[in-house]
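All you need for this note's numbering is the position in the sequence shown, starting with 1, plus 11. Just below is one structure, and these are the notes that go with it.
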Amino acid sequence: MMYGEVLLAATMEKVVSLCRRRGFLFQSSEIYGGINACYDYGPMGVELKRNIRDLWWESMVRARENIVGIDAAILMHPKVWEASGHVEGFTDPLVDCRVCKMRFREDEIDPEKRKDGRCPHCGNKNALTDARQFNLMFKTHMGPVEESASIIYLRPETAQGIYVNYKNVLDSSRLKIPFGIAQIGKAFRNEITPGNFIFRTREFEQMEMQFFVKPGTDAEAFEYWKEQRMKWYFQLGINREKLRLHEHGSEELAHYARAAFDIEYEFPMGWKELEGVHNRTDFDLSRHQEFSGKDLTYFDDSTRERFVPYIIETSAGVDRTVLTCLIDGYEEEKLEKETRTVLHLNPKIAPVKAAVFPLVNRDGMPEIARKIADDLMRRFNVFFDASGAVGRRYRRQDEIGTPFCITIDSQTLEDDTVTIRNRDTMIQDRAGIRNLLQIIGDRIRTESE
Ligand code: ATP
12 MMYGEVLLAA TMEKVVSLCR RRGFLFQSSE IYGGINACYD YGPMGVELKR
62 NIRDLWWESM VRARENIVGI DAAILMHPKV WEASGHVEGF TDPLVDCRVC
112 KMRFREDEID PEKRKDGRCP HCGNKNALTD ARQFNLMFKT HMGPVEESAS
162 IIYLRPETAQ GIYVNYKNVL DSSRLKIPFG IAQIGKAFRN EITPGNFIFR
212 TREFEQMEMQ FFVKPGTDAE AFEYWKEQRM KWYFQLGINR EKLRLHEHGS
262 EELAHYARAA FDIEYEFPMG WKELEGVHNR TDFDLSRHQE FSGKDLTYFD
312 DSTRERFVPY IIETSAGVDR TVLTCLIDGY EEEKLEKETR TVLHLNPKIA
362 PVKAAVFPLV NRDGMPEIAR KIADDLMRRF NVFFDASGAV GRRYRRQDEI
412 GTPFCITIDS QTLEDDTVTI RNRDTMIQDR AGIRNLLQII GDRIRTESE
């Protein structure tokens, strides 16, 4: 239950401005004028991102006996991308405007404009070139000689690192099908139309899990993972009405996929993909088997059958989840005498769990506050702030989504209690200093549910 009346939900401009102001995200290389569609996470952003990754790892790997993690290299053998189809097919059709020199993805141009070659930017007729295929992979060279034999790619997805290690994982563990391999890591795509802040960037991070199943049991596993992944966003506290599943029609479906759903969120710019859940059949392992010449079949002891496993993939973007949490949590609220901006982040992912304030800088209050902060720091990320009016200190914490503010006041000096203010309700209650570690831990847990 919120205390203030909501004046404004998030707009992209508001969220971008808050991110910069409070140290969540900065433009990359800003002092040199920035580099397009690349962002750096600041002190608050890096905590938020880390907490989101940890929550995913916890629920996808640690909490499940049949899923293990790996961390594969970003640079892979170039043949991987031939087998995966990325060298040949990972392309977007691209058109240029001869007049204003702007570049567009053909599938994003209004078909009417495309027909008479009208540029969506400058409006000139017959200005657009024919479409050219543009490969989205970043190319570079391995070693000192820049020749064609040394070309390698920055991985455009983390999934291939899992497929090429499937046999290694199987042979070095006691896993039996069905089982999964999970990975979190960077991916790179030379996107033609990056934008919407960190929604689409050229360097980003994925959280992927590939689940290996016996053919014939794939439909059931697909349903299971669709549901599990939706639940994860619910548990993160994302507004359920802004989440939906979108099924790929036959035109959208990749050539290898039997079924695909996107989990979508209603961003300020409309419903957009947050995560893909795909039934990739035996396409990936069959292709790697063909291109590597290695046997990638699985032998089922119990039935004496040999087969190439089917794969159900769940592929989420770390940065897109960060953006979703920021947008979903952002509110401007009207209070009695003022307004406040608040990020209603799930306490589990909030960058700072508790702020500790001495009400005034005398009578021993700063010393007590310091001691409390040091004690809580053993378990939580804590912020100590002794400067300025206490109201302003609360506002600052609201803006970064700190769920609890602990204030040391004159009553503390008499009975060793402090106030704990709740970010969402703004209600304060008193608790004993001795139990604070336990109380804050309990409240983070209960308020996250
Ligand atoms: P789109 O159609 O939006 O380009 P996609 O269908 O190619 O996306 P996938 O290849 O399924 O995306 O990638 C899985 C997930 O990785 C996406 O749901 C998204 O969260 C994330 N992702 C993909 N590309 C980007 C990007 N350029 N920037 C940030 N996140 C991305």
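Virtual Cβ for every residue (Gly too), placed ideally from N, Cα, C. Since the model is a prediction, treat every value here as computed from it, not as a measurement.
I want to see whether chain C comes within less than 8 Å of residue i, judged by CB atoms only; does it?
i, result
"residue 104", "Absent from the structure is chain C; it holds one protein chain and no more."
Might you give, ordered along the chain, the residues of its own chain that have their beta carbon closer than 7 Å to the beta carbon of residue i, omitting 5 neighbours on each side?
i, result
"residue 409", "351, 352, 353 and 434"
"residue 377", "369 and 397"
"residue 381", "395"
"residue 12", "Because the pLDDT at residue 12 is just 38, under 50, the model does not fix this residue reliably, and the value given afterwards should be weighed accordingly. Cβ neighbours of residue 12 beyond the five flanking positions: 436."
"residue 25", "341"
"residue 171", "87, 91 and 95"
"residue 243", "70"
"residue 22", "279"
"residue 451", "364, 365, 387, 391 and 415"
"residue 136", "127, 128 and 129"
"residue 334", "208, 209 and 210"
Tell me whether the beta-carbon of residue i lies closer than 8 Å to the beta-carbon of residue j.
i, j, result
"residue 188", "residue 225", "yes"
"residue 169", "residue 231", "no"
"residue 221", "residue 173", "yes"
"residue 199", "residue 214", "yes"
"residue 10", "residue 346", "Given that the chain is displayed from residue 12 to residue 460, the structure contains no residue 10 and the question cannot be resolved."
"residue 343", "residue 18", "yes"
"residue 106", "residue 139", "yes"
"residue 359", "residue 438", "no"
"residue 212", "residue 48", "yes"
"residue 280", "residue 256", "no"
"residue 371", "residue 384", "no"
"residue 367", "residue 417", "yes"
"residue 374", "residue 424", "yes"
"residue 277", "residue 305", "no"
Need the endpoints of the beta strand (DSSP E) that residue i sits in, please.
i, result
"residue 289", "281–290"
"residue 271", "270–278"
"residue 309", "309–311"
"residue 365", "365–369"
"residue 78", "78–80"
What span of residues does the alpha helix (DSSP H) with residue i cover, start to end?
i, result
"residue 385", "376–387"
"residue 72", "No alpha helix (DSSP H) contains residue 72, which DSSP labels as neither H nor E."
"residue 301", "294–303"
For residue i, list the residues DSSP reports as bridge partners.
i, result
"residue 342", "20 and 353"
"residue 325", "220 and 288"
"residue 316", "311"
"residue 51", "37"
"residue 395", "367"
"residue 334", "According to DSSP, which records beta bridges pairwise, residue 334 is partnered with nothing at all."
"residue 86", "165"
By Cβ distance below 6 Å, which residues in the same chain neighbour residue i in space, the five residues on each side in sequence not counted?
i, result
"residue 51", "37 and 39"
"residue 321", "224, 226, 229, 292 and 293"
"residue 204", "116"
"residue 159", "none"
"residue 186", "none"
"residue 133", "110 and 111"
"residue 33", "55, 410 and 411"
"residue 90", "302"
"residue 282", "275"
"residue 125", "none"
"residue 29", "none"
"residue 149", "165, 199 and 201"
Excluding the 5 residues flanking residue i on each side, which residues of the same chain have their C-beta closer than 8 Å to its C-beta?
i, result
"residue 465", "Missing from the structure shown is residue 465; the chain here goes from 12 to 460 and no further."
"residue 192", "78, 79, 80, 81, 173, 176, 177, 180, 220, 221 and 223"
"residue 428", "422, 441, 442, 443 and 444"
Could you name each continuous alpha helix (DSSP H) segment of 4 residues or more that falls completely within the stretch 185–257, going from the start of the chain to the end? 229–246
Complete runs of the beta strand (DSSP E) confined to the stretch 405–447 [at least 3 residues]: Listed in chain order, they are 415–419, 428–433 and 439–443.
Fully enclosed by the stretch 94–180, which alpha helix (DSSP H) runs are 4 residues long or longer? 97–100, 122–126 and 170–174
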